[in-house]
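Below is one structure, written out as structure tokens; the observations come after it.
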Ligand code: PEP
């Protein structure tokens, strides 16, 4: 039985004051209203990692995550943040390969392989994103593309290591668009990803890996999406910026 995970991707939003309020409101709602053992992750902008982590204190249900890290160990890379730095802050998770990073910052499979390796080397858990753009879905190439994305950046890992990865399937056409994949579309793709993992690592390993759905998850659709057998929770953008909405998404898990 895989644990449900709901991660909020705050992207480049909020002042520090707003971020503190958001985190504290969600934390309160979770404490009062959320039963069961869903794991919650706030993937916040770099400058807020430490303040929000400190605010969470020894909260065992909610952790912080970063939204990216450098592929380099350290050195003259102005503006970058290393996996070792994140580890030294006590940050357990890092999103890698988000479609916005792939699209606006040219992140490709080779780069994401390096980022995955360095994150794992420093003991971080990557939340590895994959997903197809609209034209690929429309030409029915979505399964092949997503399998390729997973394979190219993750299949060099051994079985014990790939178990440490969280995969997020995020169809690009559903991100920030208000268009959500139907529960059936999400389940179908998650099953394809799990089957692909099983073909390389065996069913037991594939069954142990969390696969999150991302793409316009909200309070109204979370429950149906998260009820799919291969959907282990969500990576949530817009709806994670509103405390009541995000609390309802978490309750959907
Ligand atoms: C995301 O960017 O990871 C995401 C899923 O965004 P949204 O929920 O806003 O579609």
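In the numbering used here, the protein residues as written are 840 to 1092. Note that CB positions come from ideal geometry on N, CA and C, so glycine has one too. All figures in this text were calculated on a predicted structure; none of them were measured in a lab.
Residue environment, residue i, which counts as buried when at least 16 other CB atoms sit within 10 Å
{"i": "residue 954", "result": "buried"}
{"i": "residue 899", "result": "exposed"}
{"i": "residue 866", "result": "buried"}
{"i": "residue 860", "result": "exposed"}
{"i": "residue 1083", "result": "exposed"}
{"i": "residue 886", "result": "exposed"}
{"i": "residue 848", "result": "buried"}
{"i": "residue 995", "result": "exposed"}
{"i": "residue 840", "result": "exposed"}
{"i": "residue 851", "result": "exposed"}
{"i": "residue 1040", "result": "buried"}
{"i": "residue 1024", "result": "buried"}
{"i": "residue 874", "result": "exposed"}
{"i": "residue 977", "result": "exposed"}
{"i": "residue 988", "result": "buried"}
{"i": "residue 1066", "result": "exposed"}
{"i": "residue 922", "result": "buried"}
{"i": "residue 932", "result": "buried"}
{"i": "residue 855", "result": "exposed"}
Closer than 8 Å: residue i CB and nearest ligand 1 heavy atom
{"i": "residue 848", "result": "yes"}
{"i": "residue 1077", "result": "yes"}
{"i": "residue 1056", "result": "yes"}
{"i": "residue 938", "result": "yes"}
{"i": "residue 872", "result": "no"}
{"i": "residue 1009", "result": "yes"}
{"i": "residue 854", "result": "no"}
{"i": "residue 1014", "result": "yes"}
{"i": "residue 968", "result": "yes"}
{"i": "residue 1053", "result": "yes"}
{"i": "residue 973", "result": "no"}
{"i": "residue 951", "result": "no"}
{"i": "residue 1074", "result": "yes"}
Bridge partner(s) assigned by DSSP for residue i
{"i": "residue 1007", "result": "968 and 1051"}
{"i": "residue 881", "result": "847 and 903"}
{"i": "residue 934", "result": "966"}
Local conformation of residue i per DSSP, three classes
{"i": "residue 846", "result": "strand"}
{"i": "residue 916", "result": "coil"}
{"i": "residue 1014", "result": "coil"}
{"i": "residue 902", "result": "strand"}
{"i": "residue 963", "result": "coil"}
{"i": "residue 861", "result": "helix"}
{"i": "residue 1031", "result": "helix"}
{"i": "residue 869", "result": "helix"}
{"i": "residue 975", "result": "helix"}
{"i": "residue 1072", "result": "strand"}
{"i": "residue 1056", "result": "coil"}
{"i": "residue 1091", "result": "coil"}
{"i": "residue 910", "result": "coil"}
{"i": "residue 1046", "result": "helix"}
{"i": "residue 987", "result": "helix"}
{"i": "residue 896", "result": "coil"}
Are the stretch 1026-1037 and the stretch 1053-1060 in contact at 8 Å, needing three or more beta carbon pairs? no
At least 3 beta-carbon pairs within less than 8 Å: the stretch 940-947 vs the stretch 1014-1023: no
Does the stretch 950-969 come into contact with the stretch 895-914, if we say contact requires no fewer than three beta-carbon pairs (one atom in each stretch) closer than 8 Å? yes
Taking contact to mean at least 3 C-beta pairs separated by less than 8 Å, is the stretch 963-970 in contact with the stretch 1000-1013? yes
Would you check if there are 3 or more beta carbon pairs closer than 8 Å linking the stretch 1066-1083 to the stretch 1032-1052? Put simply, the stretch 1066-1083 touches the stretch 1032-1052. At least three CB pairs are less than 8 Å apart.
Specify whether the stretch 868-875 and the stretch 910-930 touch according to this definition: at least 3 beta carbon pairs, one from each stretch, less than 8 Å apart. no
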